[in-house]
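Each protein sequence line maps, in turn, to chains S and V.
Last residue of the first sequence: number 72 in this note's numbering, and the count goes up by one each step with no gaps.
Last residue of the second sequence: number 407 in this note's numbering, and the count goes up by one each step with no gaps.
Heads up, the beta-carbon is just placed ideally off N, CA and C, and yes, glycines get one too.
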Amino acid sequence: MNEPSFEEDQAELEAIVERLERGEVELEELARLWERGERLCRRLAAELTATQGRIEELARELDAEAPEPRR
Amino acid sequence: MKVASTEVDGRKVFSVSSFNQGIALWLERLPTVWVEGEVTELRRQERWTTVFLTLKDPENGACLAVQMPRGQFDALRLELADGERIHVYGRPELYARRGEFHLRALTIERFGLGAHLAALERLKKTLALEGVFASERKRPLPRIPRLIGLVTGNDAAAKRDVLTAISSRFPPANVLVAETYVQGHRAARAVEDAMAELCARGVDVLIIARGGGSFDDLLAFSDERLVRAVSACPVPVVSAIGHEQDVSLVDLAADVRASTPSSAGRLVVPDQAELRAWLERTRLGLQRSATRMCERRAESLARTRERLGQAPVRELDRRRTRLEAIRAQLRALSPSATVERGYAIVRAGDGLVREPPPVGTALTVEVAGGAFSAHAG
Numbered sequence: 002m003n004e005p006s007f008e009e010d011q012a013e014l015e016a017i018v019e020r021l022e023r024g025e026v027e028l029e030e031l032a033r034l035w036e037r038g039e040r041l042c043r044r045l046a047a048e049l050t051a052t053q054g055r056i057e058e059l060a061r062e063l064d065a066e067a068p069e070p071r072r
Numbered sequence: 031m032k033v034a035s036t037e038v039d040g041r042k043v044f045s046v047s048s049f050n051q052g053i054a055l056w057l058e059r060l061p062t063v064w065v066e067g068e069v070t071e072l073r074r075q076e077r078w079t080t081v082f083l084t085l086k087d088p089e090n091g092a093c094l095a096v097q098m099p100r101g102q103f104d105a106l107r108l109e110l111a112d113g114e115r116i117h118v119y120g121r122p123e124l125y126a127r128r129g130e131f132h133l134r135a136l137t138i139e140r141f142g143l144g145a146h147l148a149a150l151e152r153l154k155k156t157l158a159l160e161g162v163f164a165s166e167r168k169r170p171l172p173r174i175p176r177l178i179g180l181v182t183g184n185d186a187a188a189k190r191d192v193l194t195a196i197s198s199r200f201p202p203a204n205v206l207v208a209e210t211y212v213q214g215h216r217a218a219r220a221v222e223d224a225m226a227e228l229c230a231r232g233v234d235v236l237i238i239a240r241g242g243g244s245f246d247d248l249l250a251f252s253d254e255r256l257v258r259a260v261s262a263c264p265v266p267v268v269s270a271i272g273h274e275q276d277v278s279l280v281d282l283a284a285d286v287r288a289s290t291p292s293s294a295g296r297l298v299v300p301d302q303a304e305l306r307a308w309l310e311r312t313r314l315g316l317q318r319s320a321t322r323m324c325e326r327r328a329e330s331l332a333r334t335r336e337r338l339g340q341a342p343v344r345e346l347d348r349r350r351t352r353l354e355a356i357r358a359q360l361r362a363l364s365p366s367a368t369v370e371r372g373y374a375i376v377r378a379g380d381g382l383v384r385e386p387p388p389v390g391t392a393l394t395v396e397v398a399g400g401a402f403s404a405h406a407g
């Protein structure tokens with residue numbers, strides 16, 4: 002199975018938060034859903050940090066690579 | 031008056047000035063006459079004392095220089111335009127310093143529109159009606175042309191101006207030059223052929239450049255077939271023909287009209303320095319917006335996370351509150367609450383008293399403050 006994308010994780014997280022906010026869950030479900038939500042949050046945050054890091058790294062690499070094309 | 035000459039080795043020799051003087055004297059004896067022709071190259075300027083024009087024979091193109099003092103010319107209020115047919119009353123005169131002959135005009139009369147201009151005007155109207163000059167037909171120039179075609183005369187000036195402008199603005203540009211006739215009866219076909227050849231060789235933009243010239247010199251650029259070829263050209267055409275005030279029909283049909291050959295050159299290529307700066311700005315913008323997108327998602331994630339943390343707490347609070355309410359309701363229904371309001375519970379032994387008991391029955395009465403014994407009376 003494919004890893005879920007950032008957007009899919011985000012959509013699931015939002016659905017969880019909305020369900021919790023509507024208060025339509027069983028008591029045992031409450032803790033389970035919260036835990037799932039918290040895990041999704043961490044995964045998404047880690048993915049964002051990694052992406053941002055990659056952008057900065059690429060920018061540094063490209064800067065070092067080709068400063069001036071031929072005249 | 032006698033014209034001076036010297037004897038050299040037995041021949042009679044005139045100096046240039048005395049020869050010219052002699053011719054001038056001879057010309058002065060000619061009668062004043064009317065001459066009919068078309069006005070071309072009318073040159074009149076406030077700081078000049080003389081107005082110059084060339085009178086052209088519409089039949090065979092023979093030309094005659096005409097001069098008239100500006101005061102007299104202005105007093106006639108003719109407002110002549112090139113191509114108009116006029117009658118000039120004057121006499122021949124020699125400008126002795128340069129040995130140049132011209133007609134000294136005493137008066138000028140208008141003789142109806144010049145045939146050329148009228149024909150040109152007709153052609154212009156026809157083509158305009160067909161939409162040949164329509165602005166919707168103008169195509170944008172390529173941002174960075176692969177191969178630029180330049181049709182120009184071999185007179186160098188226009189060609190050099192275009193090439194200099196292109197190479198100073200965008201050094202890596204590729205230009206294919208076709209030198210051809212740019213005036214005379216062969217010019218229109220020659221320019222048309224040169225355009226076709228350059229297109230066949232894969233240019234993606236064309237410049238037609240020609241330096242300034244007289245009305246007649248530029249006439250080729252109003253040739254109907256050439257004008258149509260320009261408008262039907264498969265690639266965009268930039269025209270730079272003559273000076274800014276001379277507008278040929280090719281100029282009108284071209285996708286872009288440049289005021290000078292240099293400006294045509296500047297129009298077809300981007301400024302390399304500007305392009306680099308733009309690229310740099312875009313690159314920075316790209317990086318900034320990628321970073322900003324990450325940041326925005328991080329912010330939204332933080333907000334969601336806060337909601338996630340609060341939702342169960344609130345839900346538990348809500349349930350607790352509901353529980354409290356139920357408990358209060360339950361309490362309201364218990365008997366002690368009724369006693370609290372002033373009622374009493376009367377017991378006889380273990381049983382509750384619901385009917386009046388026999389006199390003397392020992393009773394226990396329970397009220398809010400406590401219980402006491404009594405006897406039925």
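Beta-carbon proximity list for residue i, same chain, < 6 Å, skipping 5 on both sides
| i | result |
| --- | --- |
| Ala404 (chain V) | Leu393, Val395 |
| Tyr119 (chain V) | Trp64, Leu136, Thr137 |
| Val383 (chain V) | Val376 |
| Val81 (chain V) | Arg74, Met98, Arg100, Phe103 |
| Ala54 (chain V) | Leu124, Ala126 |
| Leu309 (chain V) | none |
| Phe44 (chain V) | Ser35 |
Neighbourhood of residue i by C-beta distance below 8 Å, restricted to the same chain and skipping five residues each side
| i | result |
| --- | --- |
| Leu110 (chain V) | Val69, Leu72, Leu83, Ile116, Ile138, Arg140 |
| Val26 (chain S) | Arg20, Leu34 |
| Leu45 (chain S) | Phe7, Asp10, Gln11, Leu14 |
| Arg361 (chain V) | Ala367 |
| Leu60 (chain V) | Arg121, Pro122 |
Extent of the continuous alpha helix (DSSP H) to which residue i belongs
| i | result |
| --- | --- |
| Pro122 (chain V) | No alpha helix (DSSP H) holds Pro122 (chain V); the beta strand (DSSP E) holding it covers 115-125. |
| Thr36 (chain V) | Not the alpha helix (DSSP H): Thr36 (chain V) falls in the beta strand (DSSP E), residues 36-38. |
| Ser47 (chain V) | 46-58 |
| Ala164 (chain V) | Unbroken run through Ala164 (chain V): none, as it is neither H nor E. |
| Val18 (chain S) | 7-23 |
| Leu63 (chain S) | 28-66 |
| Val221 (chain V) | 217-230 |
Burial state of residue i (16 or more Cβ within 10 Å)
| i | result |
| --- | --- |
| Val298 (chain V) | buried |
| Pro122 (chain V) | buried |
| Arg73 (chain S) | Outside the displayed range of chain S (2 to 72) lies residue 73 (chain S), so it cannot be described from this structure. |
| Ala250 (chain V) | buried |
| Glu345 (chain V) | buried |
| Arg72 (chain S) | In this predicted model, Arg72 (chain S) has a pLDDT of only 43, less than 50, meaning its place in the structure is not dependable enough to derive any value. |
| Ser269 (chain V) | buried |
| Thr312 (chain V) | exposed |
| Gly38 (chain S) | buried |
| Gly54 (chain S) | exposed |
| Ser289 (chain V) | exposed |
| Pro5 (chain S) | exposed |
| Asn50 (chain V) | buried |
| Pro365 (chain V) | exposed |
| Thr334 (chain V) | buried |
| Glu160 (chain V) | exposed |
| Ile356 (chain V) | exposed |
| Leu331 (chain V) | buried |
| Ser252 (chain V) | buried |
CB-CB length for residue i against residue j, believed under 8 Å
| i | j | result |
| --- | --- | --- |
| Leu228 (chain V) | Leu206 (chain V) | 6 Å |
| Gly295 (chain V) | Gly272 (chain V) | About 16 Å separates the two Cβ atoms, so there is no contact after all. |
| Val212 (chain V) | Gly179 (chain V) | That pair is no contact at about 15 Å. |
| Val265 (chain V) | Val235 (chain V) | 6 Å |
| Leu94 (chain V) | Gly67 (chain V) | 7 Å |
| Ser261 (chain V) | Ala283 (chain V) | 4 Å |
N-terminal and C-terminal residue of the beta strand (DSSP E) that residue i is part of
| i | result |
| --- | --- |
| Ala378 (chain V) | 375-378 |
| Gln75 (chain V) | Neither: Gln75 (chain V) is in no beta strand (DSSP E) and is coded neither H nor E. |
| Ala203 (chain V) | Here Ala203 (chain V) belongs to no beta strand (DSSP E), and DSSP marks it neither H nor E. |
| Ala404 (chain V) | 400-405 |
| Ala135 (chain V) | 130-140 |
| Leu171 (chain V) | Element bounds for Leu171 (chain V): n/a, residue is neither H nor E. |
| Arg41 (chain V) | 41-43 |
| Ala239 (chain V) | 235-240 |
| Thr210 (chain V) | Looking at the DSSP string, Thr210 (chain V) is not in any beta strand (DSSP E), and its letter there is neither H nor E. |
| Leu180 (chain V) | 178-182 |
Beta-carbon contacts of residue i that lie in its chain and below 7 Å, excluding the five residues immediately before and after
| i | result |
| --- | --- |
| Arg255 (chain V) | Ala218, Glu222 |
| Val389 (chain V) | Ala406, Gly407 |
| Leu41 (chain S) | Asp10, Glu13, Leu14 |
| Leu108 (chain V) | Ile138, Arg140 |
Residue i: CB within 6 Å of a non-hydrogen atom of the ligand NAD
| i | result |
| --- | --- |
| Gly113 (chain V) | Judged by which ligands are present, the structure shown has none, so any question about the ligand NAD falls away. |
Practice prompt. Please go through the stretch 247-317 of chain V and give each complete alpha helix (DSSP H) segment of 4 or more residues, from N-terminal end onward.
Written response: Listed in chain order, they are 254-262, 279-283, 291-298.
Practice prompt. Give, in chain order, every unbroken run of the beta strand (DSSP E) that is at least 3 residues long and sits entirely within the stretch 78-116 of chain V.
Written response: DSSP runs (the beta strand (DSSP E)) wholly in the stretch 78-116 of chain V: 80-86, 93-99.
Item to complete: For the stretch 322-398 of chain V, list the alpha helix (DSSP H) runs that are entirely contained and at least 4 residues long, ordered along the chain.
Response: Runs of the alpha helix (DSSP H) inside the stretch 322-398 of chain V: 365-370.
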